[in-house]
C-alpha cells in the first residue's frame with residue numbers, strides 16, 4: 049500500500065522543479081492526451097521516474113505528469129492513466145490524484161472514452177457526468193487506503209453541479225452533442241455482452257467505461273471539486289451494437305478532443321474568473 053510519506057515525497061520532487069501551486073489537475077483519458085500540447089509546459093515527469101508511480105500499458109496512455117499553465121491557470125495534467133484491468137490496484141490507480149491533492153489542487157477534471165447505452169446519444173457526443181454506477185467489484189477505500197482528511201466521505205454528490213453546468217453551457221454554445229448523464233464503471237478489458245448492455249440501460253446508465261471512478265472517489269474524499277467528461281466513441285444498441293476495437297475507440301476519442309478541450313478551457317476560465325476560493 050502506498051503510504052502518505054510516498055505521496056509527500058513525490059510531491060516534493062515535483063515542487064523542487066515546479067514550485068507553483070496548481071489550481072486544478074486534469075486527467076487525460078483514452079485518445080485525449082492531445083490536450084497536453086495546448087499547455088504552456090514548465091515541467092514534465094515520466095511516471096516511471098516518480099516513486100511507486102504505475103506506468104500505463106493501455107493504448108494511447110503516455111504516462112506523464114505535466115506541469116504548466118492552461119488558459120493562464122496553473123495546472124497539472126496527468127497524460128494517461130492506469131486501469132484496474134491492467135493489473136493495478138486502486139491504491140496505485142489513485143496515486144497521481146493523491147499527489148495532485150498534496151500539491152494543492154482543489155479541482156479535478158477527468159476525461160474518458162465510453163460506449164453509449166442511451167439510444168439518444170451519438171458517437172462523438174460528450175457526456176458530462178451527473179452520477180455513476182460502480183460495477184467494478186471493489187471499493188477504493190477498502191483496506192484503509194488513506195486519501196487525506198476524507199478517508200470515509202459521506203454519501204453526498206461526487207460531481208460538482210456548478211462545474212457540470214458550465215461545461216454543458218459550453219457544449220450548447222459550441223453546438224455539439226452534449227448530455228448530462230450516468231456513467232457505469234466496469235472492470236474490463238473485454239467489452240460487454242448484449243445482455244449486459246440491456247442491464248446497464250435498465251439500471252439507469254447512459255454510458256459505460258472502464259475507468260474514472262477510482263480517481264473521482266479519491267478526489268472527492270480528499271475534498272476536491274470534481275468534473276468528469278466522457279467522449280462517447282460508439283453506441284451499444286443491444287440488438288445491433290457497434291463493433292469497435294481499441295484502435296477505433298482511440299481514433300474516435302481523438303476526433304472528440306477539440307470538444308473536450310473547449311470544455312476544459314472554458315471551465316478553467318470561468319471558474320478562475322471568480323474568487324480564488326471557488327477553486
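Residue numbers (our numbering): 49 to 327. Quick reminder that beta carbons are idealized off the backbone N, C-alpha and C, glycines included.
Check                                                                                                                                                                     : Outcome
Quick one: what's residue 88 bridged to in DSSP?                                                                                                                          : 117
Which of the three DSSP states is assigned to residue 179 in this structure?                                                                                              : strand
What residue range is occupied by the uninterrupted alpha helix (DSSP H) comprising residue 80?                                                                           : Segment: none, residue 80 is in no alpha helix (DSSP H) and carries neither H nor E.
Return the chain-ordered list of same chain residues with a C-beta closer than 6 Å to the C-beta of residue 83, the five sequence neighbours on each side being excluded. : 76 and 309
Please classify residue 241 as buried or exposed, where buried requires at least 16 other C-beta atoms within 10 Å of its C-beta.                                         : exposed
Ignoring anything shorter than 4 residues, give me the alpha helix (DSSP H) runs that lie fully in the region 208-287, in order along the chain.                          : 209-221, 242-250 and 261-269
Please report the straight-line C-alpha distance between residue 297 and residue 255, rounded to a whole angstrom.                                                        : 14 Å
Since residue 112 and residue 92 should fall inside the 8 Å C-beta cutoff, what is the C-beta to C-beta distance between them, to a whole number of angstroms?            : 6 Å
Using CA coordinates, which residue listed in 231, 320, 97 and 90 is at the minimum distance from residue 165?                                                            : 231
I'd like to know if the region 151-171 and the region 265-282 are in contact, where contact means that at least 3 CB-CB pairs between them fall below 8 Å.                : yes
Measuring alpha carbon to alpha carbon, tell me which residue in 185, 315 and 63 is nearest residue 236.                                                                  : 185
Going by C-alpha distance, which of 114, 260, 122 and 64 is nearest residue 182?                                                                                          : 260
For residue 143, report the span of its alpha helix (DSSP H) as first-last.                                                                                               : 143-150
Which residues bound the alpha helix (DSSP H) around residue 158?                                                                                                         : Per DSSP, residue 158 belongs to no alpha helix (DSSP H); it is in the beta strand (DSSP E), 155-164.
Have a look at the DSSP bridge pairing and note the partners of residue 382.                                                                                              : An answer regarding residue 382 cannot be provided, because it is not within the stretch 49 to 327 covered by the chain.
Measuring alpha carbon to alpha carbon, tell me which of 233, 123, 281 and 226 ends up nearest residue 317.                                                               : 123
My assumption, with CB atoms under 8 Å, is that residue 125 sits in contact with residue 87. Please give the rounded CB distance.                                         : 6 Å
Quick check: residue 249 and residue 178, are their CB atoms within less than 7 Å of each other?                                                                          : no
Taking only the alpha-carbon atoms, compute the straight-line gap between residue 89 and residue 134 and give it to the nearest angstrom.                                 : 29 Å
Residues in the same chain with beta-carbon distance under 7 Å from residue 150, minus the five sequence neighbours each way, listed in chain order, please.              : 55, 56 and 59
How would you call residue 307, buried or exposed, if buried means at least 16 neighbouring beta carbons within 10 angstroms?                                             : buried
Considering only C-alpha positions, which residue in the set 53, 172, 257 and 68 is nearest to residue 99?                                                                : 53
As a quick exercise: from 279, 114, 303 and 119, pick the residue whose alpha carbon is nearest that of residue 176.                                                      : 279
Counting only the same chain and skipping the five closest in sequence on each side, list residues whose C-beta sits under 7 Å from that of residue 251.                  : 181
For the alpha helix (DSSP H) that contains residue 53, what are its first and last residues?                                                                              : 52-65
Go ahead and pull the three-state DSSP assignment for residue 93.                                                                                                         : strand
What separation, rounded to the nearest whole angstrom, lies between the Cα atoms of residue 258 and residue 80?                                                          : 15 Å
So, using beta-carbon positions, are residue 102 and residue 130 closer together than 7 Å?                                                                                : yes
Comparing C-alpha positions only, which one of 206, 204, 117 and 226 sits nearest to residue 214?                                                                         : 226
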